[in-house]
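Note that my numbering has the sequence shown beginning at 472, numbered continuously upward.
Think of the CB as a built atom: it goes at the ideal place given N, C-alpha and C, for glycine as much as any other residue.
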Amino acid sequence: MVTKMANDHNSHDTHSSSSHMDHINPLLRVFFTINDLKQGKKLPIYFPKRDPSKSPPLLPKEQADPIPFSLKKLPQILSYFSYPSNSPQAQAVKETLEQCELKPIKGETKFCATSMESMVNFVRTAFGPKTHYEVLTTSHLTKSNVHLQNYTFIEAPKEIAAPRLVACHTMPYAYAVYYCHYQEGDNNVLKIQLEGENGDRVEALAICHMDTSQWSPSHPSFQVLKIQPGTIPVCHFFPADDFVWIPVPTSNSKLY
């Protein structure tokens, strides 16, 4: 039985708290606009210092499938993992299940993967069963314990051609769960070379969503950027334990 709580994930965190940077929750310092995509730009960015190699792995399908995974079965899930109903672990499980069961926005297809097999099957529904895939992540090129600091774009951002993409985000749960989704419309994939004020170097993965008109006005990106839905493309960085699947030509890729 898997009993270790997975690391929490900041991409879906909408709670507010104070920070020394404009009193915005530092976990939300991952958003920027397409106008920021230029060499020399400096932004405050939050990167959680989690080692992906130490994160709980996805369970095998034969182990994951028998475990209940729905909000209506929350009591059974908490009992299965021996989590008291008022514990932080129980709250995290409940919030993840709520997120997974939310209705997708217009043009979005979403899925919470509890096994590698289910994740790959979802990717194949997005790209087609015979498509080859590549997985992109953020890479930390230096070691540091600093989570939030100002970073400078030391090179012009590099756009990666991707007619469609599937983004997968880690979720807080009793074992590894990934919230995976893709959207219709234009979404640009970028690799950005960053240097922190303390000398940290990051090869950061980012996505720019070109159409946010269907997003909720309460989406945290609008709070951070002080803009409204549909007014300007919204971009965000990925932590090292989230990733993006993109289709690539056969000669350049690995088939999963």
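| Item | Value |
| --- | --- |
| Cα-Cα separation, T602 to P718 | 6 Å |
| Continuous alpha helix (DSSP H) stretch holding V594: start and end | 587-598 |
| Where A584 sits in the DSSP three-state scheme | strand |
| N659 beta carbon less than 7 Å from that of E630 | yes |
| Where T641 falls: helix, strand or coil (DSSP) | strand |
| DSSP beta-bridge partners of T544 | The question names Thr, but residue 544 in the sequence shown is Lys. Answer is none; K544 lacks a bridge partner. |
| Cross-strand partners of R672 (DSSP beta bridge) | E666 |
| Where P559 falls: helix, strand or coil (DSSP) | helix |
| Beta-bridge pairing of K629 - partner residues as DSSP gives them | K662 |
| Own chain partners of T609 with C-beta closer than 8 Å, once the 5 adjacent residues on each side are dropped | F518, V673, E674, A675, L676, F708, F709, P710, A711, D713 |
| Three-pair Cβ contact test at 8 Å for the segment 523-532 versus the segment 587-607 | yes |
| Residue from C583, K520, L514, L499 whose Cα sits closest to the Cα of L612 | K520 |
| Sequence-distant residues of the same chain with beta carbon closer than 6 Å to D671, five excluded per side | T613, S615 |
| Distance between H652 and T580 (C-alpha atoms, nearest Å) | 5 Å |
| Backbone secondary structure at Y646 - three-state DSSP | coil |
| Secondary structure of S610, DSSP reduced to three states | strand |
| Cβ pair N669, V617 closer than 7 Å | yes |
| Residue range of the alpha helix (DSSP H) that includes P700 | Careful: P700 lies outside any alpha helix (DSSP H) and carries neither H nor E. |
| Proximal residues to N481 (C-beta, below 8 Å), its chain only, five neighbours per side dropped | At N481, the pLDDT of 38 sits below 50, so the modelled position is not reliable; the number obtained from the coordinates is stated separately. Cβ within range, chain order: L498, L499, V501, Y517, P519, P710. |
| Where A627 falls, given that 16 or more other Cβ within 10 Å makes a residue buried | exposed |
| Three-state secondary structure (DSSP) of E655 | coil |
| Where the beta strand (DSSP E) containing Q620 begins and where it ends | 619-624 |
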